[in-house]
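Undergrad: The numbering used here puts the last residue of the sequence shown at 339; the count rises by one with no breaks.
Below is a structure I'd like to ask you about.
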Amino acid sequence: MTQTNEHVMTIDHQVGPRGRFTLRQASGEIQIRGVEGDRIRVRSLDDDRSLDSVFQINTGSDYVELRQLEKFGLGILSITRGGAPEIAVEVPHGATVSVESASAEVAVSDLSGSKRFRTASGDLSFERLSGPVDVESVSGDVEIEGQAPLELAAKSISGEMRVRVPRLRRLELQTTSGDIYLDAQLDGNGPFSLRSISGDVTLVGRSGFRIEAQSVTGDLNSDLPSKRESGPGRKILVVGRPGPTLTFHSVSGDFHVVEPRDAAPESVAPPTPPPAPAVPPAPGAGAASGGAAAASTVSGPSADLEDARLQILRALECGEIDVAEATDQLGALDEVLR
């Protein structure tokens, strides 16, 4: 491995084909690509700044960890001396990858192992992924393009989500006000669920499925031939032949099924271990930590909405709460004020 004590511009470390890469970086640009082999390589894209001047670097027999220096709750600082870092990372295709950031732009491709990404405002883009993907974002947009089956769990407050893959074996998406565009065949054991407060959902109908919707004022409609049913407190829409059931819970978000055009091509991806079942957090679960002062503003009048949001984001920036807690608090804020 490249020495990590002085002027480290690159890291080249053997971790095995299922090694682990962990990154905590506040801002800047992050490029992560899966490659053949058993090594993790990290390269600074800033010619005048070494990795060890920006990150605390830890390595072991099967892992590489980079944590941005200074303090920021998650172990990182929102504004780094010398500007935001830019790094390029290569990991084995089957590696476990975990990234936490405040506002970094993240681009990821060619991974099949376990993957987890958490961000406050940075945009996330994914290409050619397979296997389990877990994403949390406050306001950053999430875009996923792929040619292999995914098990997807994603949570957002106001960022837009766009997913276009051949098949989804599991789907659990939650958003407060961000819109969701979903182009994939539902094909697996599930569950398949969408939750929204006011965000709209557009689903490309590529196969038969059944939608069970619970919505206060939102509409449920389809451009494809469909059959409507009704039940106590819910709307049911059956599109095409019998297929998986997709549940949709919303306050005012609309659900629209549209005709398919060009399907995402499918390719063979490396096998992945089965993911652990995702357990949605209880509403407001993160409110008990250092961001209690921000959460206490939820009960105020609607005129204080923006101030309450700012307090939560300030608590995140100061390190009093982490990204997951900020996501829970902002979601609870919108629910109460509605």
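Ideal Cβ placement from N, Cα and C applies to all residues, glycine included.
Tell me, please, which residues DSSP counts as bridged to Ser194.
TA: Glu173 and Thr248
Undergrad: Find the nearest neighbour of Ala333 within the set Arg229, Ile198 and Leu169, judged by alpha-carbon distance.
TA: Ile198
Undergrad: So what's Leu52 in DSSP terms, helix, strand or just coil?
TA: helix
Undergrad: From Val43 to Ile33, what distance separates their C-alpha atoms?
TA: 9 Å
Undergrad: By the DSSP assignment, the beta strand (DSSP E) with Val109 in it spans what residues?
TA: Glu106 to Ser110
Undergrad: Taking only the alpha-carbon atoms, compute the straight-line gap between Ile322 and Pro226 and give it to the nearest angstrom.
TA: 47 Å
Undergrad: Just mark His8 as buried or exposed, buried being the case when its beta carbon has 16 or more other beta carbons within 10 Å.
TA: By the neighbour-count criterion, in which a residue is buried when 16 or more other Cβ atoms sit within 10 angstroms of its Cβ, His8 is exposed.
Undergrad: Helix, strand or coil for Ala85 per DSSP?
TA: coil
Undergrad: If you draw a straight line from the C-alpha of Ser115 to the C-alpha of Asp142, how long is it?
TA: 21 Å
Undergrad: For Asp49, which of Thr11, Leu112, Lys156 and Gly179 has the nearest alpha-carbon?
TA: Asp49 has its Cα closest to that of Thr11, out of Thr11, Leu112, Lys156 and Gly179.
Undergrad: Could you tell me whether the segment 54–65 touches the segment 99–114, where touching means 3 or more Cβ pairs closer than 8 Å?
TA: no
Undergrad: Among Gly179, Val166, Arg129 and Ser113, which has the Cα closest to the Cα of Ser122?
TA: Gly179
Undergrad: Please report how far the alpha carbon of Leu169 lies from the alpha carbon of Val134, in whole angstroms.
TA: 11 Å
Undergrad: Report yes if the C-beta distance between Ser140 and Ser159 is below 9 Å; otherwise report no.
TA: yes
Undergrad: Helix, strand or coil, according to DSSP, for Ala304 in the structure here?
TA: Reliability fails at Ala304, whose pLDDT of 47 lies under 50, so the model's placement of it is uncertain and the value that follows must be treated cautiously. Reduced to three states, the DSSP call for Ala304 is helix.
Undergrad: Quick one, are the C-beta atoms of Asp220 and Val259 less than 9 Å apart?
TA: With respect to Val259, Asp220 sits apart: the two C-beta atoms are not nearer than 9 Å.
Undergrad: Assuming Leu70 and Ile58 are in contact, meaning their beta carbons sit under 8 Å apart, how far apart are those beta carbons, in whole angstroms?
TA: Actually they do not touch by this definition, with Cβ atoms about 10 Å apart.
Undergrad: Could you please give the first and the last residue of the uninterrupted beta strand (DSSP E) stretch that includes Arg242?
TA: Looking at the DSSP string, Arg242 is not in any beta strand (DSSP E), and its letter there is neither H nor E.
Undergrad: Could you give the distance in angstroms between the alpha-carbon of Ile145 and the alpha-carbon of Tyr182?
TA: 10 Å
Undergrad: What's the call for Pro278, buried or exposed, on a 16-neighbour Cβ count within 10 Å?
TA: Only weak support is given to the placement of Pro278: the predicted model assigns it a pLDDT of 47, under 50, and the question is left unresolved by the model.
Undergrad: In the DSSP assignment, what are the bridge partners of Gln186?
TA: Arg168
Undergrad: Run through the DSSP bridge pairs and tell me what Leu221 is partnered with.
TA: Paired residues: Phe256.
Undergrad: For Ser138, count neighbouring C-beta atoms within 10 Å of its own C-beta (all shown protein chains included) and say buried if the count is 16 or more, exposed if not.
TA: buried
Undergrad: Which first and last residues belong to the beta strand (DSSP E) in which Ala154 is found?
TA: Secondary structure note for Ala154: its beta strand (DSSP E) is the uninterrupted segment Leu151 to Ser157.
Undergrad: Quick check on the DSSP output: the beta strand (DSSP E) that includes Asp135 runs from which residue to which?
TA: Gly132 to Ser138
Undergrad: Would the beta-carbon of Arg165 fall within 9 Å of that of Asp188?
TA: Going by C-beta atoms, Arg165 is not nearer than 9 Å to Asp188.
Undergrad: Considering only the beta carbon of each residue, do Leu247 and Leu172 sit closer than 9 Å?
TA: yes
Undergrad: For His250, I'd like the list of residues in its chain whose CB is within less than 6 Å of its CB, leaving aside the five on either flank, ordered along the chain.
TA: Cβ within range, chain order: Arg196 and Gln215.
Undergrad: What residue range does the beta strand (DSSP E) around Asp13 cover?
TA: Thr11 to Gln15
Undergrad: Taking the alpha carbon of Ser99 as the reference point, which residue from Ser45, Lys236, Gly20 and Thr177 has its own alpha carbon closest?
TA: Gly20
Undergrad: For the beta strand (DSSP E) that Glu37 lies in, which residues bound it at each end?
TA: First-last for Glu37: undefined, no H or E at that position.
Undergrad: Using only CA atoms, which one of Pro245, Ile41 and Ile88 lies nearest to Gly17?
TA: Ile41
Undergrad: Kindly identify the DSSP beta-bridge partner or partners of Glu213.
TA: Ile237 and Thr248
Undergrad: Measure the CB-CB distance between Phe118 and Glu91 and report whether it falls below 9 Å.
TA: Annotated as distal: Phe118 and Glu91, with beta-carbon spacing of 9 Å or more.
Undergrad: I'd like the list of long-range same chain contacts for Pro275, defined as Cβ closer than 7 Å, with 5 residues on each side in sequence excluded.
TA: Per-residue confidence for Pro275 stands at a pLDDT of 47, beneath the threshold of 50, marking its modelled position as unreliable; no derived number is given.
Undergrad: Leaving out five residues before and five after Ala286 in sequence, what residues of the same chain have Cβ atoms less than 7 Å from its Cβ?
TA: Interpretation of Ala286 is limited by its pLDDT of 43, a score under 50 that renders its predicted location unreliable; the figure taken from the coordinates is listed afterwards. Counting only Cβ-Cβ distances below 7 Å, and skipping sequence neighbours, we find Asp329.
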